[in-house]
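Heads up, the sequence shown is in the working numbering, so the first residue is 10 and it goes up one at a time. Heads up, the beta-carbon is just placed ideally off N, CA and C, and yes, glycines get one too. Scroll down for the structure; my scribbles are underneath it.
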Amino acid sequence: MKKKLQYFVHGVALAATLLLAACGGSSSTTTTTTPTTTPTVSAVTPATSATIGTAVSITVTGANLPLTAVFTLQDGTCNSPTINSATTITQSCTPGGSAGTKTITVLTASGGTVIDASQTITVAAAFVANLPDTGITDQQCYQAGSNTLVSCSSAGAIALNDQQDGMITPGTSGMSYSAVGAYPLTSCVQDNKTGLIWEGKTDDGGLRDKDNTYTNYGDSRTGDASAYVTAVNATSLCGYTDWRLPTADELQMIVDYSIAYPGPTINSTWFPNTVGNAYWSASPYAGASSSAWGVNFGYGNVGFDYRNDSYYVRLVRAGQ
Ligand SMILES: [Ca+2]
Ligand SMILES: [Ca+2]
10 MKKKLQYFVH GVALAATLLL AACGGSSSTT TTTTPTTTPT VSAVTPATSA
60 TIGTAVSITV TGANLPLTAV FTLQDGTCNS PTINSATTIT QSCTPGGSAG
110 TKTITVLTAS GGTVIDASQT ITVAAAFVAN LPDTGITDQQ CYQAGSNTLV
160 SCSSAGAIAL NDQQDGMITP GTSGMSYSAV GAYPLTSCVQ DNKTGLIWEG
210 KTDDGGLRDK DNTYTNYGDS RTGDASAYVT AVNATSLCGY TDWRLPTADE
260 LQMIVDYSIA YPGPTINSTW FPNTVGNAYW SASPYAGASS SAWGVNFGYG
310 NVGFDYRNDS YYVRLVRAGQ
């Protein structure tokens, strides 16, 4: 009895449903059946500042996005969304592959169907820092028992060591520099190998005149290289405020060893107003806190001296 009643109720309900469907189908005021919740994608940010191998936060904006929606990055990997709303999806992604235009594919869910694949981001190649060349020429090889430099093709040089710099990569072709935007070389110059941006020196009697010398106490006292760093950063030289004293290794990287004493042992076209003498570095001398390392552009050698001695200074900042 109870079962029969259930069937009966069901039958009435079914009939009612069919009746409603019939009425709806024949209605002259049919409304659209397209849902108002169609997900759409309108933009992706950032569009152009991603780099191969570096994680970047990417945000897709749109409307009616499912809360399960995710996106993928062509040739890259993406973490789960940190923000997921009907209008915004934010994920951390690491671009891979080669530089170029990469498609952002928005899906209904991880492994779901595609909502949109029309957005792209531009991915730049990662900057790979290299060591610049030393400049040592094919006439600057050593042979046994002498400090006199000889031809690298001589029997004596080959006998001593057949892998000398002047044999393997002679000359300065492995050095490369460029201007920084429209700034003059007396303001700044970039080493294309290391990516470092170097201060250019002036000869105008001003703050950055080539002839100015400084102590190297590092305590911001007047006349110290540390005070000079602060002063240069206050001028936003070449648009930057992160200038610093270079390490001894960094400073030696711009020495051109093809140039003999008295130098200056540097490419004077790219580094005008360089003095063939000692420039301070930020590297402390481990043997005594009263001393620090510097590079002498008369010979190109690295040496240390007392911090109260006054030498020249050329600042540097990280490139890229
Ligand atoms: Ca070389
Ligand atoms: Ca001067």
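- Is the shortest distance between the beta-carbon of S319 and the beta-carbons of chain D less than 9 Å? Looking for chain D here will not work: only one protein chain is present.
- What are the boundary residues of the beta strand (DSSP E) that includes T103? Counted from its first residue, the sequence shown places residue 103 at position 94. DSSP places T103 in the uninterrupted beta strand (DSSP E) bounded by T97 to T103.
- Message: Within the continuous beta strand (DSSP E) that includes I113, where are the two ends?
- Response: Sequence index remark: in the sequence shown, residue 113 carries index 104 (1-based). Residues G109 to L116.
- Message: I need the residues with a C-beta less than 6 Å from some heavy atom of ligand 2; please give them in chain order.
- Response: Result: D212, G214, D218, K219 and D220.
- Consider the C-beta atom of T178 and the heavy atoms of ligand 1; say whether any pair is separated by less than 8 Å. Looking up residue 178 in the sequence shown gives position 169. Answer for T178: yes, Cβ within range of ligand 1.
- Message: What does the alpha-carbon distance come out to for the pair F306 and Y288?
- Response: By one-based count along the sequence shown, residue 306 stands at place 297. By one-based count along the sequence shown, residue 288 stands at place 279. Our two residues, F306 and Y288, have alpha carbons roughly 7 Å apart in a direct line.
- Look at the alpha carbon of S290 and the alpha carbon of P255, and state the distance between them as a whole number of angstroms. Position 281 of the sequence shown, counted from the start, is the residue given in the question as residue 290. Position 246 of the sequence shown, counted from the start, is the residue given in the question as residue 255. Between S290 and P255, the C-alpha separation is close to 5 Å.
- Message: With the cut-off set at 9 Å, would you say S127 and V50 are in Cβ contact?
- Response: In the sequence shown, residue 127 corresponds to position 118, counting from 1. In the sequence shown, residue 50 corresponds to position 41, counting from 1. Yes, Cβ-Cβ distance for S127 and V50 is below 9 Å.
- Leaving out five residues on either side along the sequence, give the residues of the same chain with a beta carbon under 6 Å from the beta carbon of G227. Indexing the sequence shown from 1 puts residue 227 at position 218. Sequence-distant Cβ neighbours of G227 in its own chain, meaning closer than 6 Å and more than five residues away, are S235.
- Task: Give the DSSP-derived three-state secondary structure of A312 in the structure shown.
- Result: As a first step, residue 312 must be located in the sequence shown, where it is residue number 303. Reading the sequence as shown, one finds Gly at residue 312 and not Ala. In the structure shown, G312 adopts extended strand secondary structure according to DSSP, grouped into three states.
- Within the same chain, show all residues whose beta-carbon is closer than 6 Å to that of G33, passing over the 5 residues directly before and after it, in chain order. As a position in the sequence shown, residue 33 is number 24, starting the count at 1. Model confidence at G33 stands at a pLDDT of 42, short of 50, so the residue's coordinates are unreliable and nothing is read from them.
- Which residues does DSSP pair with S187 in a beta bridge? For this step, residue 187 is matched to residue 178 along the sequence shown. Looking at the DSSP output, S187 shares a beta bridge with Q199.
- Count the C-beta pairs between the stretch 110 to 118 and the stretch 147 to 166 that are closer than 8 Å, then say yes if the count reaches three, no if not. In short, these stretches do not touch, since the Cβ pair count stays below three.
- At which residues does the alpha helix (DSSP H) containing L82 begin and terminate? In the sequence shown, the residue the question calls residue 82 occupies position 73. No alpha helix (DSSP H) contains L82, which is instead part of the beta strand (DSSP E) from V79 to L82.
- Item | Presumed contact (8 Å Cβ cut-off) between W279 and V198, rounded CB distance | By one-based count along the sequence shown, residue 279 stands at place 270. By one-based count along the sequence shown, residue 198 stands at place 189. So it is a contact: roughly 5 Å between Cβ atoms.
- For S267, count neighbouring C-beta atoms within 10 Å of its own C-beta (all shown protein chains included) and say buried if the count is 16 or more, exposed if not. Your numbering for residue 267 matches position 258 in the sequence shown. S267 comes out buried.
- Item | Residue range of the beta strand (DSSP E) that includes N139 | Locating residue 139 in the sequence shown gives position 130, where the first residue counts as 1. No residue range can be given for N139, since it is assigned to no beta strand (DSSP E) and is classified by DSSP as neither H nor E.
- Item | Classification of Q15 by the beta-carbon crowding that lies within 10 angstroms, buried from 16 upward | As a first step, residue 15 must be located in the sequence shown, where it is residue number 6. Caution is warranted here: a pLDDT of 46 is assigned to Q15, below 50, making its placement in the model unreliable, and no coordinate value can be reported.
- Would you report the Cα separation of T181 and S319, rounded to the nearest angstrom? By 1-based counting over the sequence shown, the position of residue 181 is 172. By 1-based counting over the sequence shown, the position of residue 319 is 310. T181 and S319 have their alpha carbons spaced roughly 31 Å apart.
- Query: In the DSSP assignment, what residue or residues form a beta bridge with D233?
  - Reply: The count along the sequence shown starts at 1 and reaches residue 233 at position 224. According to DSSP, which records beta bridges pairwise, D233 is partnered with T224.
- Note the first and the last residue of the continuous alpha helix (DSSP H) segment covering I167. In the sequence shown, residue 167 corresponds to position 158, counting from 1. Taken as a continuous stretch (DSSP letters only), the alpha helix (DSSP H) holding I167 covers A164 to L169.
- Nearest candidate by alpha-carbon position, reference T211, set T81, R323 and Y270: The residue labelled residue 211 in the question sits at position 202 within the sequence shown. Taking each of T81, R323 and Y270 in turn and checking the Cα distance to T211, the smallest one comes out for R323.
- Task: Flag G121 as yes when its Cβ comes closer than 8 Å to any non-hydrogen atom of ligand 1, and as no otherwise.
- Result: As a working note, residue 121 is residue 112 in the sequence shown. Set against 8 Å, the gap from the CB of G121 to the closest heavy atom of ligand 1 is not smaller.
- Item | First and last residue of the uninterrupted beta strand (DSSP E) at I206 | Residue numbering aside, residue 206 sits at position 197 when the sequence shown is read from its first letter. Following the DSSP letters along the chain, one finds I206 inside the beta strand (DSSP E) bounded by residues I206 to E208.
- Which stretch, first to last residue, makes up the alpha helix (DSSP H) that contains Q343? Because residue 343 is not part of the residues shown, which for the chain are 10 to 329, the question remains open.
- 8 Å CB neighbourhood of V18 in its chain, flanking five on each side removed: On the sequence shown, residue 18 is found 9 positions in, with the first residue counted as 1. Any answer about V18 is weak, because its pLDDT of 42 lies below 50 and its placement is not dependable; what the coordinates show is given next. Here the set comprises nothing.
- Message: Please list the terminal residues of the continuous beta strand (DSSP E) segment that includes G175.
- Response: For the purposes of this step, residue 175 is taken as residue 166 along the sequence shown, with counting starting at 1. Looking at the DSSP string, G175 is not in any beta strand (DSSP E); the run it does join, the alpha helix (DSSP H), is D174 to I177.
- Item | Per DSSP, cross-strand counterpart(s) of T86 | On the sequence shown, position 77 is the one that residue 86 refers to. According to DSSP, T86 bridges with T103.
- T110 versus T239 - alpha carbon distance: As a working note, residue 110 is residue 101 in the sequence shown. As a working note, residue 239 is residue 230 in the sequence shown. Taking the Cα positions, T110 is about 41 Å away from T239.
- Message: When you compare the CB positions of V159 and C102, do they come within less than 9 Å of one another, or not?
- Response: The residue labelled residue 159 in the question sits at position 150 within the sequence shown. The residue labelled residue 102 in the question sits at position 93 within the sequence shown. No; because the gap between Cβ atoms is not below 9 Å, this pair is not in contact.
- Message: Is it buried or exposed, A327, if we count other Cβ atoms within 10 angstroms and call 16 or more buried?
- Response: Here residue 327 is taken as the residue at index 318 of the sequence shown, counted from 1. A327 should be labelled exposed.
- Item | Straight-line gap, T95 to T68 (C-alpha atoms, nearest Å) | Position 86 of the sequence shown, counting from 1, holds the residue named residue 95. Position 59 of the sequence shown, counting from 1, holds the residue named residue 68. Inspection of the sequence shows that residue 95 is occupied by Ala rather than by Thr. A95 and T68: Cα-Cα distance of roughly 13 Å.
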